[in-house]
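Residue numbers (the working numbering): 126 to 533.
Each residue gets a CB set at the ideal place from its N, CA and C atoms; glycine is no exception.
The block underneath contains the structure these notes are about, expressed in structure tokens.
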């Protein structure tokens, strides 16, 4: 068994797990077949130290996993090489079995991951329609022909159900590439506005960078509390190979320019970018981490998974030992840059800088301050929401006054 919970998370996320007989008839735990075409089959686990992970199951690459999930009653564990680690299983939220008033199944609207409900209200991704999809992405595989964007009402109903059950705390909107100067910010505006008006929550948005920075100001003013433009791959040649749409339609440099500007607008630690571990040499990923932290941007390391219905379905998997130095570098770089690590957390599908501390030595393991534990409490999350509202009012007022004085 790996020596720390984040390394176990890495191994489980990369290799997945097999199910023993006790887990095969647990529809409350394992996603049922009718979700198969929309959400990768997985089980949500909480490992020691409150480390969240989404564990792939019943995929081709999980057949030879050294990990096996077992259960007895309400107790669950992961076994490997005769060792056992107790874990907590996060069951499917009940709202997955409900429908909105329009008849749309709520699982099609929002998926619970960690403490977030993730929602993609758009249809597909323009990179795919332009014939230049990211080669590791499966959006094109599950996009429905002729489908319409989600309605604001369906989104609000689903979020209300998820919050009422206590399944999640925050809302995370993500969309693919939308061609145009704003890259989809105007499209997201009514969704963010409705959530902010109806719920006391924090909202994160992930999309592609707009053509100019005034749309980043607009993103903050409309109510987004956190923002992500994901570079994915730092090496320019590999970015072009694996993400031709990103490289040609947006441009690598625009990702970094937009992220750097956003980091001057949003609070520390709320602007982040994903880098995928396993698609470029470790030294290139570490160079990407350094480039991001120099701008005040929080790097988050996504874990490459060779999905069967993508162009990289047969790409070799990295091993946890190969990528461990990247995670140690992540924690040290973010800590040295004094970027807040408390906002972006509990991601079951990626490793945050805070989780990466377990790779950075014994001293780093104890480097979690009082603030980290505070922001996990009910009072802490309420304080974070109040601070976010106050800061936005002051920032938007400052920008408005500046525009008025310049007669723009």
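Nearest-angstrom beta carbon gap, residue j and residue i [assumed within contact, 8 Å]
| i | j | result |
| --- | --- | --- |
| residue 482 | residue 456 | 5 Å |
| residue 331 | residue 355 | 7 Å |
| residue 320 | residue 293 | 12 Å between Cβ atoms; not a contact. |
| residue 256 | residue 244 | Contact doesn't hold; Cβ gap of about 27 Å is too wide. |
| residue 361 | residue 379 | Not a contact, Cβ separation roughly 13 Å. |
| residue 371 | residue 259 | 7 Å |
| residue 277 | residue 315 | 5 Å |
| residue 335 | residue 310 | 6 Å |
| residue 296 | residue 326 | 6 Å |
Span separating the alpha-carbon of residue i from that of residue j
| i | j | result |
| --- | --- | --- |
| residue 209 | residue 202 | 6 Å |
| residue 90 | residue 467 | Nothing about residue 90 can be read from this structure; the chain reaches only from 126 to 533. |
| residue 291 | residue 246 | 22 Å |
| residue 337 | residue 381 | 13 Å |
| residue 386 | residue 342 | 9 Å |
| residue 451 | residue 227 | 46 Å |
| residue 193 | residue 154 | 15 Å |
| residue 301 | residue 313 | 12 Å |
| residue 317 | residue 220 | 21 Å |
| residue 179 | residue 207 | 23 Å |
| residue 303 | residue 345 | 19 Å |
| residue 368 | residue 476 | 21 Å |
| residue 168 | residue 474 | 11 Å |
| residue 470 | residue 328 | 13 Å |
| residue 392 | residue 464 | 10 Å |
| residue 166 | residue 151 | 14 Å |
| residue 200 | residue 453 | 32 Å |
| residue 353 | residue 279 | 24 Å |
| residue 250 | residue 242 | 20 Å |
| residue 305 | residue 184 | 37 Å |
| residue 237 | residue 298 | 12 Å |
| residue 198 | residue 347 | 46 Å |
Residues that residue i bridges to, as DSSP identifies them
| i | result |
| --- | --- |
| residue 243 | 236 and 297 |
| residue 230 | 224 |
| residue 396 | 352 |
| residue 331 | 299 and 353 |
| residue 181 | 167 |
| residue 176 | 172 |
| residue 401 | 427 |
| residue 143 | 193 |
Own chain residues within Cβ distance below 8 Å of residue i, not counting five before or after
| i | result |
| --- | --- |
| residue 445 | 127, 132, 135, 136 and 139 |
| residue 223 | 230, 231 and 286 |
| residue 273 | 248 |
| residue 462 | 418, 419 and 421 |
| residue 528 | Its pLDDT being 44, under 50, residue 528 is placed unreliably in this model, and the value from its coordinates should be taken loosely. There are no such residues. |
| residue 365 | 372 and 373 |
| residue 407 | 447, 448, 450 and 451 |
DSSP state of residue i mapped onto helix, strand, coil
| i | result |
| --- | --- |
| residue 209 | strand |
| residue 273 | coil |
| residue 190 | coil |
| residue 201 | strand |
| residue 248 | coil |
| residue 448 | helix |
| residue 130 | helix |
| residue 317 | helix |
| residue 475 | strand |
| residue 215 | strand |
| residue 280 | helix |
| residue 508 | Only weak support exists for where residue 508 lies, its pLDDT of 42 falling under 50; the coordinates are left without a value. |
| residue 457 | helix |
| residue 469 | coil |
| residue 389 | helix |
| residue 148 | helix |
| residue 344 | helix |
| residue 411 | helix |
| residue 611 | The requested residue 611 is not part of the displayed model; the chain covers only 126 to 533. |
Cut-off 6 Å between Cβ atoms - residues of its own chain near residue i, not counting five sequence neighbours on either side
| i | result |
| --- | --- |
| residue 422 | 384, 388, 396 and 398 |
| residue 403 | 429 and 443 |
| residue 363 | 405 |
| residue 413 | 359 and 400 |
| residue 448 | 402 |
| residue 129 | 483 |
| residue 171 | 177 and 213 |
| residue 216 | 153 and 154 |
| residue 187 | 141 and 181 |
| residue 145 | 193 and 195 |
| residue 252 | 258, 302 and 370 |
| residue 211 | 202 |
| residue 340 | 307 and 310 |
Residues near residue i in its chain [Cβ-Cβ closer than 7 Å; skip 5 each side]
| i | result |
| --- | --- |
| residue 125 | Nothing can be reported for residue 125: it is not among the residues displayed for the chain, which extend from 126 to 533. |
| residue 458 | 414, 415 and 418 |
| residue 411 | 451 and 454 |
| residue 275 | 234 and 246 |
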